[in-house]
Amino acid sequence: MPYSPEEYEALKAAYKKDLRERKAWLEKMRWTTLRRRAEWHLHQVKRSLAELGLEESQPLPTDQATGVPNLPQPDLPSQTSSVEDPTTQEKSNKTLF
């Protein structure tokens, strides 16, 4: 046997202590990272509210009828394009191949 029972127990105790310390350090780093991410997200929200001209304590303006915020809508491409007959689409797809 390479180790006596006393040496083995001492090594095992040292290993467990080292493992606990590494786990504690990793947990501390994990919480630090989570806190930094939360602070970054909070900063982004505050900046967005400031860009919208709102304060943190103000409620968001909502449309009374629908409850949807009154924010400007982005310009979307028009949906008025003509809808082709499915058979016409199949024919045009067949000519491509």
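Under the numbering used here, the sequence shown has 276 at position 7, and the numbering climbs by one with no breaks.
All C-beta atoms, glycine included, are put in the ideal place defined by N, C-alpha and C.
It should be emphasised that the depicted structure is a prediction, and the values quoted were computed from it without experimental measurement.
Alpha carbon to alpha carbon, how far is residue j from residue i? Give it in angstroms, no decimals.
| i | j | result |
| --- | --- | --- |
| A283 | E296 | 20 Å |
| L280 | W294 | 21 Å |
| T302 | P271 | 43 Å |
| K292 | R304 | 18 Å |
| W300 | K315 | 22 Å |
| L311 | L323 | 15 Å |
| M298 | K286 | 18 Å |
| R306 | Q313 | 11 Å |
| P274 | W309 | 52 Å |
| A388 | S326 | Limits of the chain in this structure are 270 at one end and 366 at the other, which puts residue 388 out of reach. |
| E278 | E290 | 18 Å |
With a 10 Å radius around its C-beta and 16 neighbouring C-beta atoms as the bar for buried, classify residue i as buried or exposed.
| i | result |
| --- | --- |
| L288 | exposed |
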